[in-house]
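Enquirer:
Number of protein chains: 2
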Amino acid sequence: MRAVDILMKKRAGETLTEAEIRFIIDGYVKGEIPDYQISALLMAIFFRGMTAKETAILTETMLDSGDRMDLSGIPGPFVDKHSTGGVGDKISLPLAPMVAACGVKVPMMSGRALGHTGGTLDKLESIPGYRTGLELSEFRKGLIEDGFAMTGQTARVVPADKKLYALRDVTATVESIPLITASILSKKVAEGADGIVFDVKCGSGAFMKTYNDAKALASSLVATGTAMGKRVVAVLTDMSQPLGYKVGNFLEIEETLDCLEGKGPQDVMELTFRLGAWMLVLGGAAETIEEGRARCEEAISSGAALERFYRNVVRQGGNVGQMLKRRGSWRSDFARELKAENDGYIESIDALDIGLAGVYLGVGRNRTEDNVSPTAGFIFEKKRGDLVKKGDRIAIAYGKDEASLDPAMALARKAVSISKEAPQPLSLVIEEITAP
Amino acid sequence: MRAVDILMKKRAGETLTEAEIRFIIDGYVKGEIPDYQISALLMAIFFRGMTAKETAILTETMLDSGDRMDLSGIPGPFVDKHSTGGVGDKISLPLAPMVAACGVKVPMMSGRALGHTGGTLDKLESIPGYRTGLELSEFRKGLIEDGFAMTGQTARVVPADKKLYALRDVTATVESIPLITASILSKKVAEGADGIVFDVKCGSGAFMKTYNDAKALASSLVATGTAMGKRVVAVLTDMSQPLGYKVGNFLEIEETLDCLEGKGPQDVMELTFRLGAWMLVLGGAAETIEEGRARCEEAISSGAALERFYRNVVRQGGNVGQMLKRRGSWRSDFARELKAENDGYIESIDALDIGLAGVYLGVGRNRTEDNVSPTAGFIFEKKRGDLVKKGDRIAIAYGKDEASLDPAMALARKAVSISKEAPQPLSLVIEEITAP
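If you read the protein sequences in the order shown, they are chains Z and S. The working numbering numbers the first residue of the first sequence as 7 and each following residue consecutively. The working numbering numbers the first residue of the second sequence as 7 and each following residue consecutively.
#1: Which first and last residues belong to the alpha helix (DSSP H) in which serine 143 (chain S) is found?
#2: According to DSSP, which residues form a beta bridge with histidine 88 (chain S)?
#3: Using only CA atoms, which one of S:Ile133, S:Gly153 and S:Met75 lies nearest to valine 110 (chain S)?
#4: Between the stretch 180-187 of chain S and the stretch 218-227 of chain S, are three or more C-beta pairs nearer than 8 Å?
#5: Can you name, in chain order, every residue of its own chain whose Cβ lies under 6 Å from the Cβ of arginine 137 (chain Z), other than the five neighbours on each side?
#6: Which two residues bound the contiguous alpha helix (DSSP H) that contains valine 378 (chain Z)?
#7: List, from N- to C-terminal side, the alpha helix (DSSP H) runs of 4 residues or more that fit wholly inside the stretch 107-138 of chain Z.
#8: Name, please, each residue of chain Z whose Cβ falls closer than 7 Å to the Cβ of alanine 178 (chain S).
#9: Taking Cβ positions only, does alanine 50 (chain S) come closer than 8 Å to chain Z?
#10: From alanine 9 (chain S) to leucine 223 (chain S), what does the alpha carbon distance come to, in whole angstroms?
#11: I'd like the ranges of any alpha helix (DSSP H) spanning at least 4 consecutive residues and lying wholly in the stretch 183-232 of chain Z.
#12: Return the bridge partner residues of arginine 237 (chain Z) from the DSSP annotation.
#13: Output, in chain order, the set of chain Z residues within a Cβ distance shorter than 9 Å of tyrosine 42 (chain S).
#14: For a contact defined as C-beta to C-beta under 9 Å, what are the partners of phenylalanine 213 (chain S) on chain Z?
#15: So with CB distances below 9 Å, who are the chain Z contacts of phenylalanine 53 (chain S)?
#16: For isoleucine 186 (chain S), would you say it is in contact with chain A, using Cβ-to-Cβ distances shorter than 8 Å as the test?
#17: Please list, in chain order, all residues of the same chain as proline 100 (chain S) whose beta carbon is under 6 Å from its beta carbon, the five residues on each side excluded.
#18: Just verifying my parser: in three-state terms, what is the DSSP assignment at serine 335 (chain Z)?
#19: What's the C-alpha gap between phenylalanine 145 (chain Z) and phenylalanine 52 (chain S)?
#20: Kindly indicate which three-state DSSP category isoleucine 27 (chain S) falls into: helix, strand or coil?
#21: On the premise that glycine 231 (chain S) lies in contact with lysine 113 (chain S), defined as a C-beta separation below 8 Å, what is that separation, rounded to the nearest angstrom?
#22: Should asparagine 318 (chain S) go down as buried or exposed, given a rule of 16 or more other Cβ atoms within 10 Å for buried?
#23: With a threshold of 16 other CB atoms inside 10 Å of the CB of serine 425 (chain S), please say whether the residue is buried or exposed.
#24: Work out the CA separation of valine 203 (chain S) and leucine 445 (chain S) for me, nearest whole Å.
#25: With DSSP as the reference, label leucine 77 (chain Z) as helix, strand or coil.
#26: For serine 71 (chain Z), name the three-state secondary structure that DSSP assigns.
#27: Per DSSP, what are the beta-bridge partners of valine 253 (chain Z) in this structure?
#28: Label leucine 367 (chain Z) either buried or exposed according to how many other C-beta atoms from any shown protein chain fall within 10 Å of its C-beta, with 16 as the threshold for buried.
#29: Nearest-angstrom Cα distance between glycine 33 (chain Z) and threonine 374 (chain Z)?
#30: Among S:Asp86, S:Asp167, S:Leu281 and S:Thr126, which has the Cα closest to the Cα of glycine 92 (chain S)?
#31: Inspect the CB distances between the stretch 289-306 of chain S and the stretch 115-126 of chain S and report whether three or more fall short of 8 Å.
#32: Figure out for me which residue from Z:Ala188, Z:Gly158, Z:Leu242 and Z:Lys15 has the closest Cα to the Cα of leucine 434 (chain Z).
#33: Determine the DSSP secondary structure at valine 287 (chain Z), reduced to helix, strand or coil.
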């Protein structure tokens, strides 16, 4: 078998066999096939695509390049949620304990903030003492005793993805649906999840800006996950404005506590319930989405979800007392108000601009080696559709330092548009894609 | 400027600027841009193409990576012919002295046999003593005194093409019209030609097997050459059967002498006159193609072309006496007859099969480091359209050794098909493409 023949075949739009995909990807990971052949293949895949079966084989091959989380001996079901990333998207934080409280285990491996999107690990680490780099034994214990655990990826999880992603990043081959699918799925399957709910964001603050692109990715995730024998659902959700009223690290922990106490922002509650309901259905803990939702609501109103969250914080080294003490008062000294420049209805608060402003403030980072600030971020007081008068406060921005505020505020002002007309209501859940 | 942004732009089907093309190609040649970005770009070009202007800029950039032949002080015009390669294609050998005899200078840089296609340098080197690796001073002297000279490329001619071609070869990006165009044109323009006639072969023995592919390449060569300010014509010619009756190295020198004496095979004479006529038109030595042809015929019938050929052989170290003594008798001891297996008309003698058989015999080579045999090859006695009886001799094959004959004969037998019906006559010149 020769790599060049495999390239030729994909270039012609033909379907690669399992042996061909394994030959070229294994060869690449082992350093036997050079990166210049792989980058040409990736570009051919960009143009020609891959079938769900090819993508499933690619995903399995990538998975086999590293370790899978060993969940043996722990009774399932294991269901996880993956979001393609957004601004103010703290859904994982109330979702995991809520679903765990309903009897479905959530083995959650999360990422860090990069570019305009936030990161679950960074948010958790804003809790004093909280550790996200768990040993396997700790992760297993969390799953057994709390029903969920929160960790980062180790270097041994899907090394093929790290190598391929680094190459895609410099060869203009990131934006390929099958390659994105294999990258996402390989990491989720490596966690040991049997069922996965994908929250595919759509809009300015999302990786997929348009409905068509988001739909294509969602469909590919469902088709490929199904071809791999997993139970999967994809929910297309709006990311044209930030989720909730708080964007930041500790600020989003605060909003998480609100949600777990049943008083979170309407959009965050809604999405947490919807995704949670699907997770219960995929995990077999509910027959219908309605039943799943009712169980999730019960887990919140009974306090069971909140109690799971506290247990997790304690287990992972966090100081619950400190967290609660800082709640509502731990703020950066460098603050600035964002005010309405006209009278009217808020027509939009652009998620991408707010996310980019957040990078300046210290919520996120442009380079993986940069640090983030726990207290940086935005607290919004108005959202899309609210009526404002000129000079009304829309948000307060908190920066890591004084210098961060000017560029962040310029972006934040650009993010807001005010109209004389009330905007049409927006659907948070745009569409749901289930396996055939 | 970043390479990845240029890749992204080409991937999206946009037109690259001169600055972008120069940045990425110069960077590659200097080793500043890695091959994995170039191979992804080449694949994007395969799918998205390039405009004639982009291809012209690419060609100029490649040219600038090396030396151009210094023809300063030599009065022109300089016109060359380039063939995309075929079987039995010795046209360059009678063509260059014929055109030179008509007052148009031919600065010819040729290649070697590779795969099923023959090489002008290998044919010339079958003349005892003939040297094809000329110093610039020798090349210039040949042009001044004989009106033409025959040499190989040095390493300093278009090094960008050598580097790019090696990468294309292993990344399934050879078959891209703009990349083929830039590769061909850069080498011809480096020779110093003002006018170029392209013989774009079409059929089983050609690089471009189909009319559509050959037409696309011919059109691209003309459009790009014109955009570079050159006078160019492309002639699409048939390569479904070998040209002439002899396929080999010294065997083709013999047929060259026949042509220069005015008694060559009809197809070889026809194509030599046609391409020569165009060269005279491009060089301004004839007003019309008819006038050009008449001048070419005169150069043959007067013996002027033959005399130029002898002068060149002597200048380049060849022994004319030895050449003429060996003519018609220098044959390998390892010979085998190819006989008709049925009564009927020869419907076809497949050029690719004969070319591949020639590689076994020793006419050509599979790897650039292999040697070729001067006496190996085929002498055909019958061609397409001839009526044969079972057992009639169609050809004699000469091999470099006994072992070469069996596999070569198997291919040669496969090449021949005989039919009860006389085949339709075939047009040697299929189409001519001139600049608008």
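Beta carbons are placed, not taken as given, at the ideal position from N, Cα and C, and that holds for glycine.
Expert: The answer reads as follows:
#1: If you number the second sequence from 1, residue 143 (chain S) lands on position 137. Residues 142-152.
#2: Stepping through the second sequence from its first residue, residue 88 (chain S) is reached at position 82. Bridge partners of histidine 88 (chain S): S:Phe204.
#3: Your numbering for residue 110 (chain S) matches position 104 in the second sequence. Closest by alpha carbon: S:Gly153.
#4: yes
#5: Within the first sequence, the letter at position 131 stands for residue 137 (chain Z). Closer than 6 Å at Cβ, skipping near neighbours: Gln322 and Gly323.
#6: The residue given as residue 378 (chain Z) occupies position 372 in the first sequence. Element bounds for valine 378 (chain Z): n/a, residue is neither H nor E.
#7: 126-131
#8: In the second sequence, the residue the question calls residue 178 (chain S) occupies position 172. Correct list: Val10, Leu13, Met14, Arg17 and Ala46.
#9: In the second sequence, the residue the question calls residue 50 (chain S) occupies position 44. So, interface residue.
#10: Taking the first residue of the second sequence as position 1, residue 9 (chain S) is located at position 3. Taking the first residue of the second sequence as position 1, residue 223 (chain S) is located at position 217. Using only the alpha carbons, I get a separation of about 28 Å.
#11: 183-196
#12: Here residue 237 (chain Z) refers to the residue found at position 231 of the first sequence. Z:Gly201, per the DSSP bridge assignment.
#13: Start at 1 with the first residue of the second sequence, and residue 42 (chain S) comes out as number 36. Here the neighbours are Pro40, Asp41, Tyr42, Gln43, Ile44, Ser45, Ala46, Leu173, Val176 and Thr177.
#14: On the second sequence, position 207 is the one that residue 213 (chain S) refers to. Within 9 Å Cβ-Cβ: nothing; phenylalanine 213 (chain S) doesn't reach chain Z, min ~16 Å.
#15: Your numbering for residue 53 (chain S) matches position 47 in the second sequence. Going along chain Z in sequence order, the residues near phenylalanine 53 (chain S) (Cβ under 9 Å) are Arg17, Met49, Ala50, Phe52, Phe53 and Arg54.
#16: The structure shown contains no chain A; its protein chains are Z and S.
#17: Along the second sequence, read from residue 1 onward, the residue named residue 100 (chain S) stands at position 94. Excluding positions up to five away in sequence, the list reads Thr262, Cys265, Leu266 and Thr278.
#18: Position 329 of the first sequence, counted from the first residue, corresponds to residue 335 (chain Z). In the structure shown, serine 335 (chain Z) sits in coil (DSSP, three-state: anything other than H, G, I, E or B).
#19: What you label residue 145 (chain Z) is simply residue 139 of the first sequence in a count that begins at 1. What you label residue 52 (chain S) is simply residue 46 of the second sequence in a count that begins at 1. Rounded to whole angstroms, phenylalanine 145 (chain Z) to phenylalanine 52 (chain S) spans 48 Å at the Cα level.
#20: Residue 27 (chain S) sits at position 21 when you count from the first residue of the second sequence. It is helical.
#21: As a position in the second sequence, residue 113 (chain S) is number 107, starting the count at 1. As a position in the second sequence, residue 231 (chain S) is number 225, starting the count at 1. Per the sequence shown, residue 113 (chain S) should be read as proline rather than lysine. Incorrect: roughly 16 Å between the Cβ atoms, too far for contact.
#22: For the purposes of this step, residue 318 (chain S) is identified with residue 312 of the second sequence, where counting begins at 1. The residue in question, asparagine 318 (chain S), is buried, as its Cβ has 16 or more Cβ neighbours within 10 Å.
#23: Counted from its first residue, the second sequence places residue 425 (chain S) at position 419. It counts as exposed.
#24: Residue 445 (chain S) lies beyond the stretch modelled for chain S, which goes from 7 to 442, so this question has no answer here.
#25: Along the first sequence, read from residue 1 onward, the residue named residue 77 (chain Z) stands at position 71. Correct three-state label for leucine 77 (chain Z): coil.
#26: Here residue 71 (chain Z) refers to the residue found at position 65 when the first sequence is read from its first residue. Residue state, collapsed to three classes: coil.
#27: The residue given as residue 253 (chain Z) occupies position 247 in the first sequence. Beta-bridge pairing links valine 253 (chain Z) to Z:Phe384.
#28: Mapped onto the first sequence, residue 367 (chain Z) falls at position 361. Leucine 367 (chain Z) is buried by the Cβ-count criterion.
#29: Counting from 1 along the first sequence, the entry for residue 33 (chain Z) is found at position 27. Counting from 1 along the first sequence, the entry for residue 374 (chain Z) is found at position 368. In a straight line, the C-alpha of glycine 33 (chain Z) is about 28 Å away from that of threonine 374 (chain Z).
#30: Within the second sequence, the letter at position 86 stands for residue 92 (chain S). Of S:Asp86, S:Asp167, S:Leu281 and S:Thr126, the residue nearest in Cα terms is S:Thr126.
#31: no
#32: By 1-based counting over the first sequence, the position of residue 434 (chain Z) is 428. Closest by alpha carbon: Z:Leu242.
#33: Taking the first sequence and counting its residues from 1, one reaches residue 287 (chain Z) at position 281. Helix at valine 287 (chain Z).
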